[in-house]
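S.K.:
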Amino acid sequence: MKIKVQSIGLTPHEPLESHIEKKVSKLETFYDKIHECKIFLKVENNSDKANKTTEIILAVPGDDIVVKKTATSFEESLDLCVDTAKKLLIKKKETA
């Protein structure tokens with residue numbers, strides 16, 4: 001699985017990049033037909049503390065899986081996305 005990270009308006013630091021790599025690579029254990037994973041990191045322009053948005057697009061046969069979450073840190077929003085994507089991949093595997 002190829003992992004592509006795009007950050008809009010920021011530069012991800014090394015601990016964040018390794019956190020992304022570690023979390024996203026685990027998704028393959030739930031569904032082995034993932035071709036590509038695109039991750040978009042974005043800081044929303046609002047006054048909320050929870051303004052870090054992570055969007056994950058998993059390219060799988062059939063329909064792509066898209067998950068978008070916002071939290072106070074990129075690590076937290078990534079974890080929420082991965083948890084949701086994991087449930088969706090398990091559901092997709094069961095129906096396949």
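Position 21 of the sequence shown, counted from 1, bears residue number 21 in full-length UniProt numbering, the numbering being contiguous throughout.
Quick reminder that beta carbons are idealized off the backbone N, C-alpha and C, glycines included.
#1: Tell me whether T11 sits in a helix, a strand or coil according to DSSP, three-state version.
#2: Under 6 Å Cβ to Cβ from D64, same chain only, skipping five residues before and after it: list those, please.
#3: Can you tell me where the alpha helix (DSSP H) with T29 in it begins and where it stops?
#4: Per DSSP, which one or two residues make a beta bridge with K38?
#5: Looking at the secondary structure, which residues open and close the alpha helix (DSSP H) in which A71 lies?
#6: Have a look at E17 and E28 and give me their C-alpha separation to the nearest angstrom.
M.R.: Based on what the coordinates show:
#1: In the three-state reduction of the DSSP assignment, T11 falls in the coil class.
#2: Within the same chain, D64 has close Cβ partners I57.
#3: Careful: T29 lies outside any alpha helix (DSSP H) and carries neither H nor E.
#4: Listed as beta-bridge partners of K38 by DSSP are K4 and I57.
#5: Element bounds for A71: not the alpha helix (DSSP H) but the beta strand (DSSP E), I65 to A71.
#6: Roughly 18 Å between the two C-alpha positions.
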